[in-house]
DNA sequence: TTGTCAAGAAGGAACGTTCGCTTTAATCTT
DNA sequence: AAGATTAAAGCGAACGTTCCTTCTTGACAA
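Residue numbers (UniProt numbering), protein chains in the order written: chain A, 1 to 208; chain B, 1 to 208.
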């Protein structure tokens, strides 16, 4: 093939990213060899190296995309929460959980419901040792916290949440719940979603 | 040296584990070479391979130990929570957070406050691709959930938590908060502890 | 001496990447 | 319209490096 359409180029790039994502999800970034990725994509080394400078660039691309998917889940849920009447917080969070889970099905070849959560864990692990990636995640989380901070402020203004705690701290706690959910989903079982939805409902209706 | 004391052998083993843990914390399990570990321990290949069969065994040992530390933090906090009067839940959770953070200082050469949380993330990532380790984690978490389940039941009996949600689901949510805290601490900043302690306080005192 | 420990060189496999070649689609020429 | 030309896409063997592990050798305690 030669001088092909942009659509073809885009499709190839996607094919490579999908294969790399499946490989990395299965074995993590650094226990996966380029040979694994090549086999999974069904392409040769020469082809893959035409689209990506090397393994590092492949890791960066897969990791960034996974994180963007998580971010999108958060933003969609925040924007989908109408100001009046204020919906129970655990309901809004459940939407984020659902969106994260739905990512499994969307991604080509991801029939395993634990696939996406496992990839996300690998991304966190990589971010712990890769400063540029960590900065990317930091920026994304800052953005999320800003958007969710405004939402939480509404709950405070409505008298549903105490005002002596900065909104951002509450947001970070809700963020933590989602992150923990991803871990439990990835490592343990499939009941994590219901557990956290119900658990949050119980906690937010506590009696002093 | 030859025919040395058991104390010497134990010390050597610990020296190797500590060096391996520092290396793995810095770069993850699979991006760390044995040469990195050897340099960090200050020992030669011959010495290390006398105490561990290979890299896999080293990973297993470091990962299991890190997980045991987290488990201990949970159990200590649960047992340290006296039944009467029931303390605010966010206080008990804060104890777990503190215990996890204290692990940094305890471990030799771990002056970096993010060291331990980062190692824990690597352990999760490894568990996602290593079934035996995942089973170990699963067993440990089951145990934690049992212990904390009883604690939560007390809160339910006292009328502080609604009884139409199984205790285990609430436990898993609290577990998720801690897990999320570890991630935030590892990747972002040092304010995670206060944020989650305060955030949980706000959520558990919500007004319908 | 004798038995054990540690060191460090060396082995062999596997790694990521490169490079020259072949194939193929798009374009040009007639 | 059809063949010739061109340039890019894809292939896969081979490269140099790095990996984990083993093995030989020397040194020290008993």
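We put the CB at the ideal spot given by N, CA and C, even for glycine.
task: Assign residue 190/A to buried or exposed, taking buried as 16 or more other Cβ atoms, counted over all protein chains shown, within 10 Å of its Cβ.
output: If you number the first chain from 1, residue 190/A lands on position 190. Classification for residue 190/A: exposed.
Residue ranges of each beta strand (DSSP E) within the segment 92-141 of chain A, 3 or longer: none
field: is_contact[residue 70/A, chain B] using C-beta, thresh 8 Å
entry: For the purposes of this step, residue 70/A is taken as residue 70 along the first chain, with counting starting at 1. Cβ-Cβ to chain B under 8 Å: no for residue 70/A.
message: Please list, in chain order, the chain B residues whose beta carbon lies closer than 9 Å to that of residue 124/A.
response: For the purposes of this step, residue 124/A is identified with residue 124 of the first chain, where counting begins at 1. Per Cβ cutoff of 9 Å: 121, 124, 125, 183, 186, 187.
message: What does the Cβ neighbour count give for residue 41/A, buried or exposed, with the cut at 16 atoms within 10 Å?
response: Position 41 of the first chain, counted from the first residue, corresponds to residue 41/A. Buried, because 16 or more other Cβ atoms sit within 10 Å of the Cβ of residue 41/A.
- prompt: If you draw a straight line from the C-alpha of residue 98/A to the C-alpha of residue 193/A, how long is it?
  reply: Against the first chain, residue 98/A aligns to sequence position 98. Against the first chain, residue 193/A aligns to sequence position 193. Residue 98/A and residue 193/A have their C-alpha atoms spaced approximately 8 Å apart.
task: In the DSSP assignment, find the unbroken alpha helix (DSSP H) run with residue 57/A in it and report its ends.
output: Looking up residue 57/A in the first chain gives position 57. Here the alpha helix (DSSP H) through residue 57/A covers 55-80.
query: Does the beta carbon of residue 139/B fall short of 7 Å from some heavy atom of the ligand PLP?
result: By its list of ligands, the structure shown contains no ligand whatsoever, and the ligand PLP lies outside what it can speak to.
task: Classify residue 158/A as helix, strand or coil using the three-state DSSP reduction.
output: In the first chain, the residue the question calls residue 158/A occupies position 158. The answer is coil: DSSP assigns residue 158/A none of H, G, I, E or B.
- prompt: What is the C-beta distance between residue 198/B and residue 92/A, in whole angstroms, given that I count them as a contact (C-beta under 8 Å)?
  reply: Position 198 of the second chain, counting from 1, holds the residue named residue 198/B. Position 92 of the first chain, counting from 1, holds the residue named residue 92/A. With a Cβ gap of about 20 Å, residue 198/B and residue 92/A do not count as contacting.
message: Against chain B, does residue 59/A count as a neighbour if the rule is that its beta carbon must be under 8 Å from one of theirs?
response: Numbered from its first residue, the first chain carries residue 59/A at position 59. The C-beta of residue 59/A comes no closer than 8 Å to any C-beta of chain B.
task: Return helix, strand or coil for residue 30/B, following the three-state DSSP convention.
output: On the second chain, position 30 is the one that residue 30/B refers to. In the structure shown, residue 30/B sits in coil (DSSP, three-state: anything other than H, G, I, E or B).
Closest Cα partner of residue 30/B within the set 17/A, 122/A, 139/A, 177/A: Position 30 of the second chain, counted from the start, is the residue given in the question as residue 30/B. Here the closest residue by C-alpha is 122/A.
- prompt: Hey, would you say residue 114/A sits closer than 8 Å to residue 186/A, going by beta carbons?
  reply: Reading the first chain from its first residue, position 114 is the one you call residue 114/A. Reading the first chain from its first residue, position 186 is the one you call residue 186/A. Yes, these two residues count as a Cβ contact at 8 Å.
field: Within chain A, partners of residue 35/B - CB distance below 8 Å
entry: Indexing the second chain from 1 puts residue 35/B at position 35. The contacting residues do not exist; residue 35/B stays about 15 Å from chain A at best.
message: Quick check: is the beta carbon of residue 129/B nearer than 8 Å to any beta carbon in chain A?
response: Locating residue 129/B in the second chain gives position 129, where the first residue counts as 1. With its beta carbon less than 8 Å from one in chain A, residue 129/B belongs to the interface.
field: Partner residues on chain B for residue 159/A, Cβ-Cβ distance less than 9 Å
entry: On the first chain, residue 159/A is found 159 positions in, with the first residue counted as 1. Result: 207.
- prompt: Going by the beta-carbon positions, is the gap between residue 173/B and residue 174/A smaller than 8 Å?
  reply: Numbered from 1 along the second chain, position 173 holds the residue referred to as residue 173/B. Numbered from 1 along the first chain, position 174 holds the residue referred to as residue 174/A. No, these two residues do not count as a Cβ contact at 8 Å.
Residue span of the alpha helix (DSSP H) that contains residue 177/B, given as start and end: Locating residue 177/B in the second chain gives position 177, counting from the first residue. Start and end: 167-187.
- prompt: residue 126/A to residue 86/B, Cα distance in whole Å?
  reply: The residue given as residue 126/A occupies position 126 in the first chain. The residue given as residue 86/B occupies position 86 in the second chain. Looking at the two C-alpha atoms, the distance is approximately 40 Å.
message: Please return the same chain residues whose Cβ sits closer than 7 Å to the Cβ of residue 44/B, not counting the five positions on each side in sequence.
response: Within the second chain, residue 44/B is the residue found at index 44, counting from 1. Result list for residue 44/B: 38, in chain order.
Identity of the residue in 143/B, 155/B, 181/B, 9/B nearest residue 120/B by Cα: Within the second chain, the letter at position 120 stands for residue 120/B. Nearest C-alpha to residue 120/B among 143/B, 155/B, 181/B, 9/B: 181/B.
field: Rounded separation between residue 131/B and residue 76/A - CA only
entry: By one-based count along the second chain, residue 131/B stands at place 131. By one-based count along the first chain, residue 76/A stands at place 76. Roughly 34 Å between the two C-alpha positions.
query: Can you round the beta-carbon distance between residue 207/B and residue 160/A to whole angstroms, since I take them to be within the 8 Å contact cut?
result: Within the second chain, residue 207/B is the residue found at index 207, counting from 1. Within the first chain, residue 160/A is the residue found at index 160, counting from 1. 5 Å between Cβ atoms; contact.
message: Does the CB of residue 176/B have a neighbour CB from chain A at under 8 Å?
response: Numbered from its first residue, the second chain carries residue 176/B at position 176. Yes, its Cβ sits closer than 8 Å to a Cβ of chain A.
task: Quick one: residues in its chain with C-beta nearer than 6 Å to the C-beta of residue 167/A, no 5 flanking neighbours on either side, listed in chain order?
output: Mapped onto the first chain, residue 167/A falls at position 167. Cβ-Cβ distances below 6 Å link residue 167/A to 149, 152, 153 in the same chain, with the five nearest sequence neighbours on each side left out; the list follows chain order.
query: Applying a beta-carbon distance threshold of less than 7 Å, which residues of chain A neighbour residue 31/B?
result: Residue numbering aside, residue 31/B sits at position 31 when the second chain is read from its first letter. Those are 30, 129, listed as they occur along chain A.
- prompt: Listing by chain order, which chain A residues have their CB less than 9 Å from the CB of residue 141/B?
  reply: Within the second chain, the letter at position 141 stands for residue 141/B. Simply 184, 187, 188.
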